[in-house]
Amino acid sequence: MKSALIITTYNWPEALELVLKSVEKQIVLPTEVMIADDGSTDETKKLIERFQYNFPVPITHVWHKDEGFRRSAILNLAISKTDADYIIQLDGDCIIHKSFVRDHLNSVESGIYLFGSRVNIQEPYLNEFFKNKTIKFPYLAKGVKKRNRNIHLPLLGEMLYKKNNKLSGKLRGCNLSYWKTDFLNVNGYNEDMTGWGREDSEFIIRMINKGILGKRLKYKAIIYHIWHKESSKEKLDLNHNIQENALKNKLTWCENGIDKYINVNPVKKEAAVS
């Protein structure tokens, strides 16, 4: 099984550097890494080129022009360019525990998507954090918020959480994985959703409507989210309405999705909109 770690980023190379350093230290590596770049400047490009030179797996930089927050579009574009069977999704402001990739891959099941939580790195510690290029966070590490999420006990998490067809309030697109075929069968992310908010949950709602179950990864697949100012929420109401429409009408397909970049099997497409 080929796996792709898809990392979204936008003009924060200092954070992306630490994320990529944490990927290098994985106990189990993905088959490839793809950087889904929402229009960053050349500084990010140069950073990625530096890592590409000696990285343990291939890194592909997928970029489009900066036209505002278009995370849905860049994720679709990046995923259209991989032949991986399984997608692990991460944001470029989230450092990963050394077992992150292994934990996702060890939990893979047919017809299931996986999602994990995040530990937060607090604002007052950022200067020290970046100065030291910190990528390891013991349980009692300074600046860590919500320490209970920083406990790595995979067997306990396996006992506590079972797969189900409910949309969890804990779902975050920065710690998510799924089969590429399941992604294609709902036409991926909805590119009508621009601006921050709801793009991940709307996509997952269509997966659930298609019969895909979710499973929470608790006490495993740990990530460390670097504090930053919140993105603009000016498009949140519009995105929320799109999500509510998917819920109300039990949609399994979006019209403005990944099929503009990649051919979707007509049989699968017909099934997805039935």
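When we follow UniProt numbering, the leftmost residue of the sequence shown carries the number 1, and every step to the right adds one.
Yeah, the Cβ is synthetic: ideal placement off N, Cα and C, and Gly gets one too.
Secondary structure of residue i, DSSP reduced to three states
i           : result
residue 137 : coil
residue 258 : helix
residue 180 : helix
residue 204 : helix
residue 197 : coil
residue 242 : helix
residue 263 : coil
residue 218 : coil
residue 209 : helix
residue 190 : coil
residue 3   : strand
residue 175 : strand
residue 185 : helix
Own chain residues within Cβ distance below 7 Å of residue i, not counting five before or after
i           : result
residue 142 : 125
residue 144 : 119, 121, 137 and 150
residue 1   : 85 and 86
residue 128 : none
residue 278 : Summary: the structure shown does not reach residue 278, with the chain confined to residues 1 through 274, and so no result is reported for it.
residue 12  : 92 and 93
residue 247 : 205
Cutoff 8 Å; reference residue i; Cβ partners in own chain excluding five residues on either side
i           : result
residue 198 : 236, 239, 240, 242 and 243
residue 64  : 37, 38, 39, 70, 73, 74 and 77
residue 110 : 179
Integer-rounded CB distance, given that residue j should sit under 8 Å from residue i
i           : j           : result
residue 183 : residue 87  : 6 Å
residue 201 : residue 171 : 6 Å
residue 6   : residue 59  : Not really, about 11 Å apart at Cβ, beyond 8 Å.
residue 16  : residue 47  : 6 Å
residue 169 : residue 219 : Rounded, the Cβ-Cβ distance is 18 Å, inconsistent with contact.
residue 174 : residue 223 : 7 Å
residue 278 : residue 256 : Residue 278 cannot be examined here, being either before or after the span of the chain that is shown, 1 to 274.
residue 81  : residue 62  : 6 Å
residue 258 : residue 113 : No, residue 258 and residue 113 are not in contact; Cβ-Cβ is about 16 Å, not under 8 Å.
residue 227 : residue 123 : 4 Å
residue 130 : residue 217 : Actually they are not in contact, since the Cβ atoms of residue 130 and residue 217 sit about 28 Å apart, beyond 8 Å.
residue 107 : residue 215 : 7 Å
Cβ-based neighbour list, residue i, same chain, cut-off 6 Å, excluding 5 preceding and 5 following
i           : result
residue 165 : 208 and 213
residue 252 : 186, 206, 209, 210 and 272
residue 66  : 39
residue 135 : 18, 21, 22 and 95
residue 153 : 219
Chain C within 8 Å of residue i, Cβ atoms only
i           : result
residue 126 : Looking at the structure shown, chain C is missing, and only one protein chain is on hand.
Discussion item. At 3 residues or longer, what runs of the beta strand (DSSP E) sit wholly inside the UniProt domain "Glycosyltransferase 2-like" (5 to 152)?
Written reply: Scanning the UniProt domain "Glycosyltransferase 2-like" (5 to 152) from its first residue to its last, the whole beta strand (DSSP E) runs of 3-plus residues come out as 32 to 37, 59 to 63, 86 to 91, 94 to 96, 112 to 116 and 119 to 121.
Worksheet entry | Inter-stretch contact at 8 Å, needing at least 3 Cβ pairs: the region 186 to 197 / the region 61 to 72 | Counting Cβ pairs under 8 Å, three or more are found: they touch.
Worksheet item: Do the region 28 to 35 and the region 98 to 114 meet, that is, are 3 or more Cβ pairs less than 8 Å apart?
Response: Taking a cut-off of 8 Å for Cβ pairs, the region 28 to 35 and the region 98 to 114 touch, as three or more such pairs fall below it.
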